[in-house]
Every structure is written in structure tokens, then in C-alpha cells.
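A.B. asks:
Put into C-alpha cells, the structure is as follows:
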């Protein structure tokens, strides 16, 4: 093995190998976007669209089945995500985004 | 790095860096899926709702899924939601059959929990969170991709020599787009969808596993439509989503 770390469990199964990626939690971003402030960018230090970063969101971006609230979530540029309110009745939208490495 | 341990994989990607914590498995099992279409249009019910322990009410959760039967092409959708602040999960598939099930594994983002079993390796960060523990169930992730998901665009695909045993992380939530194919000037009090041949379609995100061609992607399939009831204009649509695939060991 020329590099990296290989870890076995007590039964001899490989738990981690040199070709693996470890999914690691980075941060959680939360806040409220209002119609007057939309769009907003949210800073994530180091964020790249290079196949090693990812994010997930808890709040349905398209709202519920028949509601009119919906938000667009995008990778904006290095270090930034972008949130844009597209339609809204309530005038604001609470977001919660989990950032991770993989 | 003032403490801890740094290791990289063969692509120079940090695997352990003494900073970011490893996810911790908190629930796993097998769940019977429902047909989303049947539930919406034919009065069906959710076949099985998974309740996550209240101990994790205030934690962010990450849900990995895969079909139990690994053959042909199958899709899995996840709806994660809260009732009285408790996480609940419901799974569906458009390859629905009464016997179809999915395997799921739910992780939390960070924790300090690590057992000392007398061997192996525990690495912590400065917050006391576990960066890696050989005693934890690990996601041996192999590939990840970020892309725009909409009714016409998908994320991935991620190709493997074999996708047997591969789980995918279901990022985000289910509803992607409600698409109305009529004009913006449509007025339901004056116009008729039926007479004008117009439809509204709902698209939901799912993980698509193709065991014949060995790839995994995230897409948004049509799960329901109506040609008679005007609910509203097009909404939702293209947003960035992430797809991660790997094995649990």
C-alpha cells in the first residue's frame, strides 16, 4: 500500500480503504429569506462544484402540493450557495441546508 | 493541523482531517414501499412509516437508500418530515408492487459517541466529535456529483462496475416541480382545463438504480397529473442537488 489508510474491523472486514471517500458533515445553514431580500447568497467556506462537496435541504423547495411558496436553491459560485424566492404567498421562506463532504 | 490525524485517499481527497466529523448511523432496516400514484389518485395509504427516535429530534439526518431486490431498474423516493418535532420517513417507488421493499440507513451529521472496544481507531476533532471510528458503520463512498434537478434534467449518472450493494444518499425532499402546460393567462373561473386539453403534472425526486447497466442517478419523475382541477401555475423546478453513492460496512 503506497498511500492512505486501510482499517479493518474485528472480523477482518475492511471498514475504510485507500480508494474510499468518507462522508463528513461540514455545517448546517439556516435562516429566512424574504421576498424583498431575494435572492440571497450564503457563504460556505471552501465550497466547490468539484464532486467532493454536497448539500441537502429539509424544507421542500417547491412547497407543498398546492401551495404557492417555492424557492430555487443553487450552487452559485465558489464559496456560495444562492436562494431565490420564485413564488410566495407568505412572503418569506425558512431554509435549513446541511453541507457535507463526500 | 494542530492535532488529530490526516489521511488522504488515492485521489488526494481528505478522508480524515481532524476537523470534519464522520456521520453516525442511528437507524437502519427494511421498509415496504408505497406507490405514490396510487396514494394520491386512488386513496391508497403509506405502506409503512418509519419513526426515528426522539433522541434525534434536533439533529440533521441523512437518509441512504437502496432497493432490497437488486435487479432490473428500480427507483426509490423518500419523504422525510416531522410530526411533533419527531422525524418520520416514508418511502415510495414507481416500480411499486405489494412485496417491494427498500433498505434504509439513517445517519446524523455529527456526534461525540464512540465506544472503546479495545482495538481499532478513534479520531476526534477539537470539539470532541468523532472524525472517524473503526467501530462505526461507515459509508465507503465512491462517487459524488452535484447538478441541477428538474423534470427534464437529472443528477449523475454515477457508473460502477457493479452497483450491487450500493446505497445512495437521498438529499433534499421529495417535491420538485408542479408543471402546468397552459398559458400564464389561464383563468380558472373563465377557462376549462378539460375543454382546452391542459394538464398539471407533479414531479418528485427519486433515486434510480439500474442494475443492468450499473448506474445510479437522481431524477424527477411524473407521479401524478390532473386534466380537470386547476391547482395553480407552474412552480418549483430546477435546483441544485447532490448525489452520493457508496457501500455501508
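Chains as they are written, first to last, in our numbering: chain L, 143 to 244; chain E, -5 to 243. Note that the Cβ used here is the ideal one computed from N, Cα and C, for glycine as well. Quantities reported herein were computed from a predicted structural model and do not represent experimental measurements.
Who are residue 140 (chain E)'s beta bridge partners in DSSP?
C.D. replies: Answer is E:236.
A.B. asks: Threshold first: 3 residues or longer. Then list the beta strand (DSSP E) segments lying entirely within the region 40 to 101 of chain E, N to C.
C.D. replies: 43 to 45, 55 to 61, 67 to 77, 80 to 86, all fully within the region 40 to 101 of chain E.
A.B. asks: DSSP state of residue 123 (chain E), grouped into three classes?
C.D. replies: Reduced to three states, the DSSP call for residue 123 (chain E) is coil.
A.B. asks: Relative to the C-alpha of residue 149 (chain E), which residue among E:180, E:203, E:159, E:111 is closest?
C.D. replies: Comparing Cα positions, the closest option is E:203.
A.B. asks: Please confirm whether residue 18 (chain E) and residue 126 (chain E) have their CB atoms less than 8 Å apart.
C.D. replies: Cβ distance not < 8 Å, so residue 18 (chain E) and residue 126 (chain E) don't count as in contact.
A.B. asks: Identify every residue that forms a DSSP beta bridge with residue 187 (chain L).
C.D. replies: DSSP lists no partner for residue 187 (chain L).
A.B. asks: I'd like to check one pair, residue 99 (chain E) with residue 161 (chain E): are the Cβ atoms closer than 8 Å?
C.D. replies: Yes, the pair counts as a contact, with Cβ atoms nearer than the cut-off.
A.B. asks: Residue 200 (chain L) to residue 104 (chain E), Cα distance in whole Å?
C.D. replies: Their backbone Cα atoms lie some 17 Å apart in a straight line.
A.B. asks: Cβ of residue 60 (chain E) less than 8 Å from any chain L Cβ?
C.D. replies: No - not a single Cβ of chain L is within 8 Å of the one on residue 60 (chain E).
A.B. asks: Mind listing which residues of the region 5 to 20 of chain E have their C-beta closer than 7 Å to chain L's C-betas, in chain order?
C.D. replies: Listed by position along the chain: 7, 9, 10, 14, 15, 16, 17.
A.B. asks: On a Cα-Cα basis, can you pick out the residue from L:172, L:178, L:218 that is closest to residue 190 (chain L)?
C.D. replies: That would be L:218, whose Cα lies nearest to the Cα of residue 190 (chain L).
A.B. asks: Go ahead and pull the three-state DSSP assignment for residue 224 (chain E).
C.D. replies: Coil, per DSSP.
A.B. asks: Which residues in the same chain as residue 145 (chain L) place their Cβ atom closer than 7 Å to its Cβ, once the five residues preceding and following it in sequence are excluded?
C.D. replies: Cβ neighbours of residue 145 (chain L) beyond the five flanking positions: 160.
A.B. asks: Taking 8 Å as the threshold (C-beta atoms), are residue 71 (chain E) and residue 56 (chain E) in contact?
C.D. replies: Cβ distance not < 8 Å, so residue 56 (chain E) and residue 71 (chain E) don't count as in contact.
A.B. asks: How should residue 173 (chain E) be labelled, buried or exposed, when 16 other C-beta atoms within 10 angstroms of its C-beta is the threshold for buried?
C.D. replies: By the neighbour-count rule (16 or more Cβ atoms within 10 Å), residue 173 (chain E) is buried.
A.B. asks: In whole angstroms, what is the alpha-carbon distance linking residue 109 (chain E) and residue 198 (chain E)?
C.D. replies: For residue 109 (chain E) and residue 198 (chain E), the distance between alpha carbons rounds to 39 Å.
A.B. asks: Just reading off the alpha helix (DSSP H) that residue 188 (chain E) is part of, what are its end residues?
C.D. replies: Segment 187 to 190, the alpha helix (DSSP H) holding residue 188 (chain E).
A.B. asks: Measure the C-alpha to C-alpha separation of residue 239 (chain L) and residue 189 (chain E) and round it to an integer number of angstroms.
C.D. replies: One C-alpha to the other measures close to 43 Å.
A.B. asks: Should residue 29 (chain E) go down as buried or exposed, given a rule of 16 or more other Cβ atoms within 10 Å for buried?
C.D. replies: Answer is buried; the Cβ neighbour count reaches 16.
A.B. asks: Contact check, residue 62 (chain E) vs residue 95 (chain E) under 8 Å by CB: the rounded distance?
C.D. replies: That pair is a contact at about 4 Å.
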